[in-house]
Each structure stands twice: as structure tokens, then as C-alpha cells.
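A.B. asks:
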Amino acid sequence: MPFADDILFMKNLYTKMPVQVVHGNIHLLEEHVPGLQLRYPGALRGGKIGDYCLYLNDFAPSHTHVVRAIHKYCEISGHDGAESMLCFLEDLATNGLAGTENLPSPFELAGNSLDDHQTRMLLYWLILQEDINYPSPRHMGVRMPFVRYTEAVISSIHPNLLDIETVVERTAARGGRPAPRFAHASLSSRFLRTFDVIENMRRSVV
């Protein structure tokens, strides 16, 4: 399954990290995305083995930042951009870093303009943390951000059904099982297809 090997990779890094201070060690991903780093060990309560923080030019993007960026991307690019984003998310969920779906325009996040490969790399490593810190079955693992990102696309096309602030609130919520995927009788089968791809991701066992 996409993500599983790199969950093990991060857990293995813990066994030989030279510094125990939070975020005191750095694994560079700058050959793929300028300024992209993994800093570990993480600061999550309970000391989850493998936890890390993703940094982009000394900024630590969160899922809520990505939700807003996806919403804005789809607002600007319209239905064609929304369709491309759904295909991109499905491909990332299914194939991880080996995916080939493209985005028609750069993805803007925190002042950074990212191409297809850079966007895939950043989202992959941001999403991967969830299977380390909030694994299923108690939580949703990597499915949580994928569901919230899809809801961000919905909110850009159908703000009368789901507004972006509700998506942000659902994304930021911690302490208990995340909210299930958005459902509404008026929601088109296109969005249901993306949700089904996410639900049917092969589960990582690490």
C-alpha cells in the first residue's frame, strides 16, 4: 500500500536518531521540493514512534492550510480544476508517489508555487503522519485528510451544501473519531466516487 513503506522508514529513523530533542533531527526532501524537510522526533503527546513535522521553508503546513489551498485552487480554476483535483487525490490515494495524474496549474501553498511532482511529494508526507499518529480502526489514519481534501473541493463547487469554514472545523477537530465523510442527497456521484476510492484504500499494517 502507498504510505506503508515510508511509515516503516520513519519508525526506523527513530532507532538511530542522534538527537532526542523535539525536531532536533532533519531528513531532507529538498531534492524533490526546495525547502522541504522532515523534522523529528515529533511533539505529539504520547511520543508516537515515527512522528515528525513537515516543514516547507521553515513553515509547518497543516491539513487546514491544505484544505484552504485546495478550496482556493478549485475556486479559481472552476469545474475543470475541481475535476483535476479529484483525479489527483484519487491517484495519490491509490498510487502514492508513483502516481501520474497532473494538475493543470501550479498549486499555491503559503506563498509557494508547486508543480505536480512537488505537490504530490508535499501532500504525501503530510498525509502519511496520520497513519503513524491516528491509525485505524479507532481513527481514520490517512483517510482523514483525503476525506477533508475532497470536502474542500465540494465546498468550492457547492458552497450552499458545504461551506469552507465547516470543512476547516472538521479538519482541525481532535480528540475522538473524526467526522465521517460529508453526505447530502444533492451530492453528485462524481464526489461519491472519490470518497469510495478513499474508503477502499488498502490498509497499511505496520
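First residue of the sequence shown? That's 18 in my numbering, and the numbers climb one at a time after it. We treat Cβ as the ideally placed atom computed from N, Cα and C, and that holds for glycine.
1) When DSSP labels each residue in this structure, what does Asn-14 get in the three-state scheme?
2) 8 Å is my cut-off, CB to CB: does Thr-81 come that close to chain D?
3) Do Tyr-69 and Met-34 have their CB atoms nearer than 8 Å?
4) Let me know the beta strand (DSSP E) ranges lying completely inside the stretch 68-94, each 3 residues or longer, listed in chain order.
5) Just to confirm, are Val-164 and Ile-215 a CB contact at a threshold of 8 Å?
6) Here's the rule I'm using: 16 or more other beta-carbon atoms within 10 Å means buried, otherwise exposed. How should Ala-110 be labelled?
7) So, are the CB atoms of Ile-181 and Ala-99 less than 8 Å apart?
8) Gln-37: buried (16+ other C-beta within 10 angstroms of its C-beta) or exposed?
9) So which of Leu-204, Arg-207, Met-218, Pro-152 has the shortest CA-CA distance to Ile-24?
10) Who are the near neighbours of Ile-87 in its chain, counting only those whose CB is closer than 7 Å to its CB and skipping five residues on each side?
11) Considering Ser-130, what are the terminal residues of the alpha helix (DSSP H) in which it resides?
C.D. replies: Quick look at the numbers:
1) This structure gives no information on residue 14, because the portion of the chain shown stretches from 18 to 223.
2) Reference to chain D is not applicable here, since this structure consists of a single protein chain.
3) no
4) Complete beta strand (DSSP E) runs here, min 3: 70-73.
5) yes
6) buried
7) no
8) Exposed, since its Cβ has fewer than 16 Cβ neighbours within 10 Å.
9) Per the Cα distances, Pro-152.
10) Met-102, Tyr-166, Ala-169, Val-170
11) Counting along the chain, Ser-130 falls outside any alpha helix (DSSP H), though it belongs to the beta strand (DSSP E) covering 129-131.
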